[in-house]
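Written out below as structure tokens is the structure these notes cover.
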Amino acid sequence: MDILKSPLAAFHFFPHLPTELRLKIYEHMLALSHASHSSTRILKISYSPSQGCYISNTPPPITLSISPESRLFTLSTHSYLSLGPLPKVLKPVRPTISTSSSSSSSSSNKAHSKELYGLPIPIAYNTDILYLSSLSPLLSTHLHSILYHFSTSPSRHLIQHLAIDFRVWAELCENGFLGIVSRMKALREVDLVVEFGRAFEGEVGFLECPAWRRDLKWVAEGAERGVREERKRVVGTRKDGIAAGAGAGGLGDVRVKCVILTRGGEQS
């Protein structure tokens, strides 16, 4: 019983472990911080009119706050979301990690050596789903601000997976959002989130739309067709004549699907 009551002992030899082993431990800790230990994290953000910026209640990776080394390791795969006005007090940071014998780590660091703006919303563009929520009550007063933020955001060409409230997709597209989405160079997936207006508790999750909801699938198919046609039009009007396709520096295909919002492991 005394063992259970005693505080956890600190592992004082951790700083003396080989660099490669410490980085491997950080990598596993980063994976464990995601929902259901999956490689994909849903990063939920919303626009705050009172603060004039985007906020998120999604917990940041725990490795950002363990040590300077773990923070630099996390910033080798994560950037700070640059959407909307940038706080003037925050300056760009340039993360670097020095390793002596790991070529894979050094190449990864080189790929992420660009300047990252110090916004308080970390995101891994390769794996995170950027979920823009709580839009319905804001569109009547802040529609054009949100559209402007997305059309001018330095992050818009880095976002690969975007999630939007199903209820406002049509209104957004009628006001130019389809053109903005179609020009996002790295975008590969769009989720239309069916929220149902229910009160949830727990961690955010998405469920695939069931096969019998043909109405939702029909909307998703129409949205995907609209994005595809708009992308073809954008490529056709480019002066350099580069054909579509991510490998050629053009615009690749975007998959659109409807998903159902869940919380706390809910399955139906």
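For what it's worth, the working numbering labels the leading residue of the sequence shown as 1013, then goes sequentially. The beta-carbon is built from N, C-alpha and C at its ideal position, and this holds for glycine as well.
query	result
Can you tell me which residues form a DSSP beta bridge with S1060?	C1065
If you compare alpha carbons, which of S1194, I1037, G1191 and V1271 is closest to R1226?	V1271
Anyone know if the C-beta pair for D1203 and K1269 falls short of 8 Å?	yes
Run through DSSP, which three-state label would L1219 get?	strand
Taking the continuous alpha helix (DSSP H) assigned at K1229, which residues delimit it?	R1226 to G1248
For a quick check, are the C-beta atoms of L1190 and E1242 less than 8 Å apart?	yes
Helix or strand or just coil, what does DSSP make of P1080?	helix
Closest by CA to R1053, which one among L1151, F1026 and P1134?	P1134
Could you tell me how far apart the beta carbons of G1064 and H1161 are, in whole angstroms, since I believe they sit closer than 8 Å?	That belief does not hold up - the Cβ atoms of G1064 and H1161 are roughly 11 Å apart, past 8 Å.
Who are the Cβ neighbours of V1239 in its own chain at under 8 Å, not counting the five residues just before and after it?	L1190, V1193, S1194, V1202, V1266 and V1268
Where does I1133 fall in DSSP's three states?	coil
Can you check whether the CB of Y1137 is closer than 8 Å to the CB of I1171?	yes
With a threshold of 16 other CB atoms inside 10 Å of the CB of G1257, please say whether the residue is buried or exposed.	The pLDDT assigned to G1257 is 43, lower than 50, so where the model puts this residue is not dependable; a value taken from the coordinates is nonetheless given after this. Classification of G1257: exposed, given that the 10 Å Cβ count is below 16.
How big is the Cα-Cα spacing for I1067 and S1146?	11 Å
Check V1266 in the structure and name its three-state DSSP category.	coil
Does the distance from the C-beta atom of L1174 to that of Y1059 stay below 8 Å?	no
Please report the straight-line C-alpha distance between I1109 and E1081, rounded to a whole angstrom.	In this prediction, I1109 scores a pLDDT of 48, lower than 50, which makes its location untrustworthy; the coordinate-derived value is nonetheless stated afterwards. Those two C-alpha atoms are separated by around 8 Å.
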